[in-house]
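Counting in the working numbering, the sequence shown tops out at residue 1233, every number present.
Below you'll find the structure, written out as structure tokens, and then a few comments.
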Amino acid sequence: MPQEPVYGATYAPLRAEVDVRDCPVQGRIPEGLSGGFYAVGPDPQYPLAPGNISFDGEGHVRMFRIKNGRVDYRSRYVRTERYLAQDRARRILMPMYRNPSLDDPSVVGLSRSTANTHVVQHRNILLALKEDSPPASLDLSTLETIDPVFTFDGQLPRDRPFTAHPKVCSMTGNLVAFGYEARGFGSDTIAVFEIDARGHKVWETEVTVPYVSMVHDFAVTERHIAFFLVPLTIDYEQMKRGGIHFSWDGTRKSYLGILRRYGDGTDLKWIEAPTCGGSHTLGAFEDGEKLYFDREITAANPYSVIPNKDGSPYDAARGTSFIHRLTVKLDGGSSGLEIERMYPLIAPLPRQDDRYNTMPYRYGFMGCPDPADPVRWKAACYARVDHRTRTYELWKAPPNVSLGEPVFAPRSAGAREGEGFLLGVAWHLDQHLRADLLILDAEHLAEGPVATVELPVQASPQIHGWWVREDQYPA
Ligand code: V55
Ligand code: FE
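Right under this line is the structure:
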């Protein structure tokens, strides 16, 4: 059964690869909604080894392909090098999250990627991402794995990490990405780079971090790149004891780092911030004078599955995420960081209209518990926040429903910001996790789904998802 909370990611293993043609639809698929909703999550190929965490399950990708009012569903495991080796051996060969010291000797030198965290379209392929490795490339239509270690034609060395949260630059169309621990296991280097729409690496630089920790996401604006370092630090002692890669070290400060795009990285400034956690970017932009970095922030360790270094138990209240705006002057100084909580919504997986990844933007979308419900964990909602009015609109799901991270699908390539649909998966906790795809009008969320696409079974687990418009598929 899924862990709490009931909104956000659902981690219950499924293992079955599923094909359903012409899923039943309640309501009507909106006119003009054509494309694919892709998502991925960890779905352990074999039961997790004792002490291992859900973040280490093998990546299972799924797709709702929507066209001409019909919906076909398909899911496939990513055939990573790890998956294929374990499939042949019929057992786990890499038993601990990002700790290779316990690996079976037969897999030394293979990619450890689970490809389980995010999927992003790039040119004519789907990239399945795990932040410790290069992407895996998949066929957009069949979900077959094309290349388990996709190096952008040799431009990314096969031992280089690639973030699960690259951005598509709204102005250039470049895929802007980074990898941390870039110069080998435990290194304090982040490599930052851009791949243009023709697949060519057009820029790369390297910067150094104040301490080595999980750098899960970042911010890209027209002229700058920002990292927010939180103390989910590498823990060598824990790994020596056979544990996972990270623990939460609440004795460390957080840091905001800003550098210029297309520079050599020497202008990077780290600005100290109060100790806090959180992982995901909602949106980011600059206005010439200031940079604005909107992201979820927690008071302490955001992950129940990652230990606190001091041995204290996970604190759910201090681990909840709220959307904050980080504002900083772009005058090259290293002070004046402002951090403001924007909304009372608990929202660890916020998303924007992805056509605005690097630009001023107005709307955010997220799953969250009902802020008016005293039993906060029991009611799942989808919300749209409006930065112009600092208000939000909610749709509250029926009871016993867990909602996955939503994605925004524009009504058309040229639609206004936020004009389109919000898509998300609802797992029914009282129906053995049988799932529906919900389609809501993103400008009228409170009215609830305009279409509900029914699966006969559980949907595979999900962390993050991506929308591919019809015009983005290869001809
Ligand atoms: C996250 C998830 C991961 C991971 C690191 O949600 C961070 C954040 C599914 O694996 O490896
Ligand atoms: Fe993420």
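All C-beta atoms in this analysis are idealised placements derived from N, C-alpha and C, irrespective of residue type, glycine included.
These figures come from a predicted structure and were not determined experimentally.
Shortest alpha-carbon distance to residue i belongs to which of the options?
{"i": "K959", "options": "F951, T966, T875", "result": "F951"}
{"i": "G1090", "options": "E1054, R1148, W1028, R916", "result": "W1028"}
{"i": "F910", "options": "G1094, I948, D975, R956", "result": "R956"}
{"i": "I1221", "options": "V973, I983, D1229, G1182", "result": "G1182"}
{"i": "D1128", "options": "Y1121, G1122, R1120, A1137", "result": "A1137"}
{"i": "I824", "options": "L842, I850, S792, P805", "result": "S792"}
{"i": "T1210", "options": "I787, R1083, G1035, G1069", "result": "I787"}
{"i": "Y831", "options": "L1195, P1032, P906, L1203", "result": "L1195"}
{"i": "L842", "options": "D905, T1033, Y1101, V965", "result": "D905"}
{"i": "E918", "options": "E1054, D780, A949, Y994", "result": "Reading off the sequence, residue 918 comes out as Arg, not Glu. Comparing Cα positions, the closest option is A949."}
{"i": "S928", "options": "L1213, T1116, Q1189", "result": "T1116"}
{"i": "L1026", "options": "V973, L1088, V1208", "result": "L1088"}
{"i": "E775", "options": "R820, D1052, P1168", "result": "R820"}
{"i": "A1204", "options": "D801, K1154, G794, E1163", "result": "K1154"}
{"i": "I1016", "options": "W1225, L987, H818, T900", "result": "L987"}
{"i": "G1076", "options": "L1084, R1083, P808, N1066", "result": "Correcting the residue identity first, residue 1076 is Arg in this sequence and not Gly. If we check each option's Cα against that of R1076, N1066 comes out closest."}
{"i": "H1038", "options": "P1032, I1064, S1079", "result": "S1079"}
{"i": "V965", "options": "E789, G1021, A922, L1040", "result": "G1021"}
{"i": "Y1061", "options": "M972, L1095, A984", "result": "M972"}
Could you name the residues of the same chain whose beta carbon sits closer than 7 angstroms to that of residue i, not counting the 5 residues immediately before and after it, in chain order?
{"i": "F908", "result": "L885, P892, P893, A894, S895"}
{"i": "R870", "result": "R840, M852, P858, D890, S891"}
{"i": "R837", "result": "T903, P906"}
{"i": "R1018", "result": "R981, H982, D1025"}
By Cβ distance below 8 angstroms, which residues in the same chain neighbour residue i in space, the five residues on each side in sequence not counted?
{"i": "Y855", "result": "N810, I811, F813, D814, I1002, H1003"}
Here's a check: name, in chain order, each residue in its chain whose Cβ is nearer than 6 angstroms to the Cβ of residue i, leaving out the five neighbours to either side.
{"i": "R1010", "result": "P989"}
{"i": "D777", "result": "R832"}
{"i": "G931", "result": "A955"}
{"i": "A1042", "result": "A977, T979, F1051"}
{"i": "Q784", "result": "T1210"}
Given a cut-off of 9 angstroms, decide if residue j and residue i are closer than it, judged by their beta-carbon atoms.
{"i": "P924", "j": "L898", "result": "no"}
{"i": "G1000", "j": "V970", "result": "no"}
{"i": "V934", "j": "G1223", "result": "no"}
{"i": "P1118", "j": "D1045", "result": "yes"}
{"i": "Y1140", "j": "G1125", "result": "yes"}
{"i": "E1151", "j": "A1105", "result": "no"}
{"i": "S1218", "j": "G942", "result": "no"}
{"i": "C781", "j": "E1212", "result": "yes"}
{"i": "E1179", "j": "V1208", "result": "Before going on, a small fix: residue 1179 reads as Phe here, not Glu. Contact: yes."}
For ligand 2, enumerate in chain order all residues having a CB closer than 7 angstroms to any of its heavy atoms.
T875, H876, A922, H923, H974, D975, S1037, H1038, I1221, H1222
Complete runs of the beta strand (DSSP E) confined to the segment 794-870 [at least 3 residues]:
817-825, 828-835
Identify every run of the beta strand (DSSP E) within the segment 1105-1193, keeping only runs that are complete inside it and at least 3 residues long; order them along the chain.
1121-1127, 1138-1144, 1149-1154, 1159-1161, 1165-1168, 1178-1186
At 3 residues or longer, what runs of the beta strand (DSSP E) sit wholly inside the segment 1025-1072?
1027-1031, 1039-1044, 1048-1055
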